[in-house]
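Chains A and B are the protein sequences, given in the same order.
Residue numbering for the first sequence is 1 to 113, as defined by our numbering.
Residue numbering for the second sequence is 1 to 115, as defined by our numbering.
Notes to accompany the following structure.
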Amino acid sequence: GDSVTQMEGPVTLSEEACLTINCTYTATGYPSLFWYVQYPGEGLQLLLKATKADDKGSNKGFEATYRKETTSFHLEKGSVQVSDSAVYFCALRSRDGGFKTIFGAGTRLFVKA
Amino acid sequence: DAGVIQSPRHEVTEMGQEVTLRCKPISGHNSLFWYRQTMMRGLELLIYFNNNVPIDDSGMPEDRFSAKMPNASFSTLKIQPSEPRDSAVYFCASSPDSTVNTEAFFGQGTRLTVV
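In structure tokens:
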């Protein structure tokens, strides 16, 4: 079945450092890929998405490119802020997977001032 | 738009008691999901409804769990009897449709503690 694997955390960075959180997926067919963010005490919210190969999703300085050849969707940001501290989830949704959204385990990011 | 509304936000109950969690999806959304989040198991999909019909309940842990969606604006997740291992944060999410391109909109969750 469909699955998502993302790097384990926690990831601790200093403010203005570069961020990469790796995500790879397994899916039959052609899934859409998503990154969600969860702040303490809140539900998940969409950060960005890409719906076909080579698409780049971007939002709030974060970017991720849908790489079908490597089945990857790595999250990147050039300069993180303290306010980016949160848990980040990679996810996919596919027709062959029954249109369910499947999430990775989440990666906790701490950004120090 | 009020977003997905879940109630209660927090629930503390004794082992063996019945627990009912409630969800109001975003108006016009026709897909609804119940997830459970724990430190050990992460985010697990419990059940998925489309147009009020349960499509996939393979994630429901056991017969103690049941979910209903009597109409497009309301869903419940019931645990009877509850056990300490059911302690978790339960999220409800809705989606505008069942295409692969649309994202899920999450409620703020219900933190359940079973003592």
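For every residue, glycine included, the Cβ atom is placed at its ideal position computed from N, Cα and C.
Secondary structure of residue i, DSSP reduced to three states
{"i": "B/Pro96", "result": "coil"}
{"i": "B/Arg85", "result": "helix"}
{"i": "A/Asp54", "result": "coil"}
{"i": "A/Asp2", "result": "coil"}
{"i": "A/Asp84", "result": "helix"}
{"i": "A/Tyr36", "result": "strand"}
Interface partners of residue i on chain B, CB under 7 Å
{"i": "A/Gly43", "result": "Phe91, Phe106, Gly107, Gln108, Gly109"}
{"i": "A/Pro40", "result": "By Cβ distance, chain B contributes nothing, its closest Cβ being about 12 Å from A/Pro40, past 7 Å."}
{"i": "A/Ala105", "result": "Gly42"}
Cβ distance (whole Å) where residue i is taken to contact residue j below 8 Å
{"i": "A/Asp96", "j": "A/Thr28", "result": "4 Å"}
{"i": "A/Glu42", "j": "B/Gln108", "result": "6 Å"}
{"i": "A/Ala91", "j": "A/Phe103", "result": "5 Å"}
{"i": "B/Ala67", "j": "B/Ser75", "result": "7 Å"}
{"i": "B/Val100", "j": "A/Ser94", "result": "6 Å"}
{"i": "B/Leu112", "j": "B/Glu44", "result": "Rounded, the Cβ-Cβ distance is 14 Å, inconsistent with contact."}
Spatial distance of residue i from residue j (CA atoms)
{"i": "A/Pro31", "j": "A/Arg67", "result": "12 Å"}
{"i": "B/Ser31", "j": "B/Asp97", "result": "6 Å"}
{"i": "B/Met39", "j": "B/Thr110", "result": "15 Å"}
{"i": "A/Pro10", "j": "A/Tyr39", "result": "14 Å"}
{"i": "A/Ala113", "j": "A/Ser14", "result": "6 Å"}
{"i": "B/Glu83", "j": "B/Ile5", "result": "25 Å"}
{"i": "A/Ser83", "j": "A/Val111", "result": "8 Å"}
{"i": "B/Lys24", "j": "A/Val87", "result": "25 Å"}
{"i": "A/Ser72", "j": "A/Ala53", "result": "10 Å"}
Per-residue contacts from residue i into chain A (C-beta, under 7 Å)
{"i": "B/Ile26", "result": "Within chain A, no residue comes near B/Ile26; the closest Cβ sits about 13 Å away, beyond 7 Å."}
Proximal chain A residues relative to residue i, where beta-carbon distance stays under 9 Å
{"i": "B/Phe33", "result": "Lys100, Thr101"}
{"i": "B/Asn71", "result": "Residues of chain A passing the Cβ test: none, with the nearest at roughly 21 Å."}
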